[in-house]
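Accompanying notes for the structure given below.
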Amino acid sequence: MGNIVLQLIKLMSLLVFLAWMVVWIVLPMEFFKYNWTPKLSKRFNPTYIGGQGTNLFLLTFPVMLISVLGCIYLHLKSKMKSSYRSSPTRHYLASLRRPLLVLGPLGVVTSMELIFLTMFIALVSWHFGNYYYVSVKHPFMMPNMGDMPMWQMRFRSVSLRLGYAGNIAWALLFFPVTRFSSILPLVGLTSESSIKYHIWIGQVVMVLSALHSIGFVIYWAMVNTMSELLGWATDWVSNIAGEISCVLLLAMWVTSFAYTRRRNFELFFYTHQLYTLATFFYILHIGVPWLCQILPGMFLFAIDRYLRFLQSRSRARLISARLLPCGTVEMTFAKSPGVRYNVASNLFLNVPKISKLQWHPFTVISSDNMEPDKLSIAFRAGGSWTTKIYKELSSSLDRLEVSVEGPYGPASNGFLKHASLVLISGGSGITPFISIIREILHQSNTQKGQVPSILLVCAFKHVVDLTMLDLLLPNGINPVDLSNIQLQIQAYVTQETQPPQANDQKSVQTKWFKPSRLDSPVTPVLGPNSWLCLCLIISSSFILFLILLAMVTQYHIYPIDHNTNTIYNFGIWCLWDMFFMCISVIIVSSIVFLLQKRKIASEEKQIASVEFPTPASSPASWFYGGDMELENLPHQSLVQATQVYYGGRPNLQKILSECKGEDIGVLASGPRGMRHEVARICSCVGAKNLHFEYLSFNW
Numbered sequence: 001m002g003n004i005v006l007q008l009i010k011l012m013s014l015l016v017f018l019a020w021m022v023v024w025i026v027l028p029m030e031f032f033k034y035n036w037t038p039k040l041s042k043r044f045n046p047t048y049i050g051g052q053g054t055n056l057f058l059l060t061f062p063v064m065l066i067s068v069l070g071c072i073y074l075h076l077k078s079k080m081k082s083s084y085r086s087s088p089t090r091h092y093l094a095s096l097r098r099p100l101l102v103l104g105p106l107g108v109v110t111s112m113e114l115i116f117l118t119m120f121i122a123l124v125s126w127h128f129g130n131y132y133y134v135s136v137k138h139p140f141m142m143p144n145m146g147d148m149p150m151w152q153m154r155f156r157s158v159s160l161r162l163g164y165a166g167n168i169a170w171a172l173l174f175f176p177v178t179r180f181s182s183i184l185p186l187v188g189l190t191s192e193s194s195i196k197y198h199i200w201i202g203q204v205v206m207v208l209s210a211l212h213s214i215g216f217v218i219y220w221a222m223v224n225t226m227s228e229l230l231g232w233a234t235d236w237v238s239n240i241a242g243e244i245s246c247v248l249l250l251a252m253w254v255t256s257f258a259y260t261r262r263r264n265f266e267l268f269f270y271t272h273q274l275y276t277l278a279t280f281f282y283i284l285h286i287g288v289p290w291l292c293q294i295l296p297g298m299f300l301f302a303i304d305r306y307l308r309f310l311q312s313r314s315r316a317r318l319i320s321a322r323l324l325p326c327g328t329v330e331m332t333f334a335k336s337p338g339v340r341y342n343v344a345s346n347l348f349l350n351v352p353k354i355s356k357l358q359w360h361p362f363t364v365i366s367s368d369n370m371e372p373d374k375l376s377i378a379f380r381a382g383g384s385w386t387t388k389i390y391k392e393l394s395s396s397l398d399r400l401e402v403s404v405e406g407p408y409g410p411a412s413n414g415f416l417k418h419a420s421l422v423l424i425s426g427g428s429g430i431t432p433f434i435s436i437i438r439e440i441l442h443q444s445n446t447q448k449g450q451v452p453s454i455l456l457v458c459a460f461k462h463v464v465d466l467t468m469l470d471l472l473l474p475n476g477i478n479p480v481d482l483s484n485i486q487l488q489i490q491a492y493v494t495q496e497t498q499p500p501q502a503n504d505q506k507s508v509q510t511k512w513f514k515p516s517r518l519d520s521p522v523t524p525v526l527g528p529n530s531w532l533c534l535c536l537i538i539s540s541s542f543i544l545f546l547i548l549l550a551m552v553t554q555y556h557i558y559p560i561d562h563n564t565n566t567i568y569n570f571g572i573w574c575l576w577d578m579f580f581m582c583i584s585v586i587i588v589s590s591i592v593f594l595l596q597k598r599k600i601a602s603e604e605k606q607i608a609s610v611e612f613p614t615p616a617s618s619p620a621s622w623f624y625g626g627d628m629e630l631e632n633l634p635h636q637s638l639v640q641a642t643q644v645y646y647g648g649r650p651n652l653q654k655i656l657s658e659c660k661g662e663d664i665g666v667l668a669s670g671p672r673g674m675r676h677e678v679a680r681i682c683s684c685v686g687a688k689n690l691h692f693e694y695l696s697f698n699w
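FYI, the numbering for the sequence shown is 1 to 699, going by UniProt numbering.
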């Protein structure tokens, strides 16, 4: 019965989405503008909503409905036992996620991603072509330019319609970066995996905005009206607001390329915070009717952003930090059992002592089922920010103030559906696989069902990097039984040819921190029923937004404008919409958050008082140093399952071709070139049994 309800909700969401897409398709067409728009305006543009009523009903309401349905779907799904049984639908979706193309600028592109990208480009092109066609067919839509040559009028029309088409990209821009999203899981996406879509859409926004702006500058130069550059009309678009937005977007675009992100993350991070100003001036430029097109994505993103702000105000209790000789750090936090997450999740970390503004994403390496009261992340000291953390943790301190956001991750542990798993990593790319191995280890010890066999192929530059394999088992005193899983580890040291000497052991330093009454465990931002609370926030805040909008329109705007959309100040009308959106989100989200905070306050105090066991000493690494006596049975089993190869890279073609079985999940995490090589191998016709997906942060 439960599955039937879930399928009905999904079907309803699909139908609403298709209806929404139909609206986008007919929106620029001639018959919609001249036949449907007048009729719809009479029905949906009453005095208490004004000229934006039609767009609110056709373009905003459907997305809000889908997000509410998504919350209900995810809540019901979280209460049901996960099933990983194969089905025709699951096999079909798996085929769509197979690598189709491996291109330099686009990276690894699956069939599903190519379908989405093609549909998006087609929709943008369709809008531009139809808007331009209607403007040419009806010359009265062009401004009265006297004796101006037709080619100049058409040049202006092209520049204007490029801006119209760019608004579609703006409408979709915020959906992929909404971390606490109820829409992305409906299509099998996470906030991390959908970053690629945000990058693609952002590129289209930048290109169309630049062409739109440059086109008008050229046009004004041709007709000797360069004074329009500083124009800020009260009854129409603000040119200078659009120019400011374009300049801010250009600054964000230049600093967002992969090279800059990896070499100077701080520059990328701080510059990207200009999105608030860029969006603000863009809204002042386009006006209220066009604002309704991009309102759904902005509204849901605003809810997500404010909830993350509320969660980040509390200090997380840091239990311990494990410092490996290779410069890798494992940080373990206390968490409430109500915080549920799946493997390959990520957590955003802020350390005020280093920077009060910077938030960095890191992979969660713990298993929610294996360690219900703890959550661990791991990262390697490489950049300036992570190096400072490593130095802080290496010093003699008994407490470190930290804040967290998340965790965020996939809606289910879909990796377990495969009969076997091949995990291929390079360097610190091994971190997502640690949580997968721990989860499978837990499943093997608690469930009678079969779990996937695991082949871990990991490449490191130096011998000391082998100490990262120590993280495969949690840092604790509870014994773990590895005999129930088939685990094989092939570790490759690429830049050294000799194993470490017996007297060259290096300890894994573990630090345990004192609890503080100011710290609290990581708790769900909206309590144990987060999806239902999010459903309440989305629906209530949107209703409050409509009520406030109706009141100010009925009693303030309409007496002045009388639904002509030409008298009331263009920019102030936009400010009303933005203000009501923000105030609605803040009021409703704060009330729900405080109510949930009160419910879980006693649980937080109980967890905060728990004393976690602290070992007397820090052990040496089980993988660095040759003649250590293996008295710890789990680590002994782990070492025995590991083969180390020196002085070369893994032959991925040979390794994958030797994998036998009909259903093999292949996951790759690490350097771009390695991921692309694995994708090419899995995309071959003869590798239909290999189901590829890669895990990689794009921030």
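Beta carbons: idealized from backbone N, C-alpha and C, even for Gly.
A straight line joining the alpha-carbon of residue 575 with that of residue 417 spans about 50 angstroms. The C-alpha of residue 661 lies about 15 angstroms from the C-alpha of residue 654. In the DSSP assignment, the residues bridged to residue 458 are 425 and 491. CA-CA distance, residue 274 to residue 675, rounds to 32 angstroms. Boundaries of the beta strand (DSSP E) around residue 374: 374-380. Residue 271: member of the alpha helix (DSSP H) spanning 265-272, first to last residue. Between residue 552 and residue 294, the alpha-carbon positions lie close to 21 angstroms from each other.
Under the 10 Å beta carbon count, residue 684 is surrounded by fewer than 16 other beta carbons and is classified as exposed. Looking from the CA of residue 42, the closest CA among 444, 28 and 57 belongs to 57. Between residue 389 and residue 377, the gap from beta carbon to beta carbon reaches 8 angstroms or more. Under the three-state reduction of DSSP, residue 77 is assigned to helix.
In the DSSP assignment, residue 437 falls within the unbroken alpha helix (DSSP H) covering 431-446. Around the beta carbon of residue 258, a 10 Å sphere encloses fewer than 16 other beta carbons of the protein chains shown; the residue is thus reported as exposed.
At the C-beta level, residue 74 and residue 182 come within 8 angstroms of one another.
Distance from the CA atom of residue 173 to the CA atom of residue 297, rounded to whole angstroms, is 7 angstroms. Of the residues assessed, residue 11 falls on the exposed side of the cut-off, its CB having fewer than 16 other CB atoms within 10 angstroms. DSSP links residue 311 through a beta bridge to no other residue.
The C-alpha of residue 228 is placed about 55 angstroms away from the C-alpha of residue 77. The secondary-structure analysis by DSSP pairs residue 255 with nothing; it has no beta-bridge partner.
At the C-beta level, residue 351 and residue 493 stay beyond 8 angstroms of one another.
Counting the other Cβ atoms within 10 Å of the Cβ of residue 441 gives 16 or more, which makes it buried. Annotation: residue 209 to residue 20 spans about 24 angstroms, alpha carbon to alpha carbon.
At the C-beta level, residue 668 and residue 511 stay beyond 8 angstroms of one another. Secondary structure note for residue 361: its beta strand (DSSP E) is the uninterrupted segment 360-364. Distance from the CA of residue 164 to the CA of residue 137, rounded to the nearest whole angstrom, comes to 17 angstroms.
At a Cβ-Cβ threshold of 8 angstroms, residue 404 and residue 334 do not count as neighbours. When the Cα atoms are used, residue 408 and residue 537 turn out to be separated by approximately 19 angstroms. Here DSSP, grouped into helix, strand and coil, assigns residue 688 to coil. Between the beta-carbon of residue 238 and that of residue 284 there is about 5 angstroms, and that keeps the pair under the 8 angstroms contact cut. In the three-state DSSP reduction, residue 241 falls in the helix class (H, G or I). In the displayed model, residue 640 falls within a helix according to three-state DSSP. By the C-beta criterion, the region 414-428 is judged to be in contact with the region 456-465, since at least 3 inter-stretch pairs fall below 8 angstroms.
In the three-state reduction of the DSSP assignment, residue 561 falls in the helix class. Contact between residue 347 and residue 406 holds: CB atoms are separated by about 4 angstroms, below the 8 angstroms threshold.
For the alpha helix (DSSP H) assignment, the uninterrupted runs of no fewer than 4 residues enclosed by the region 114-199 are, from N- to C-terminal side, 150-173. Linking residue 373 to residue 437 through their CA atoms gives a straight-line distance of about 18 angstroms.
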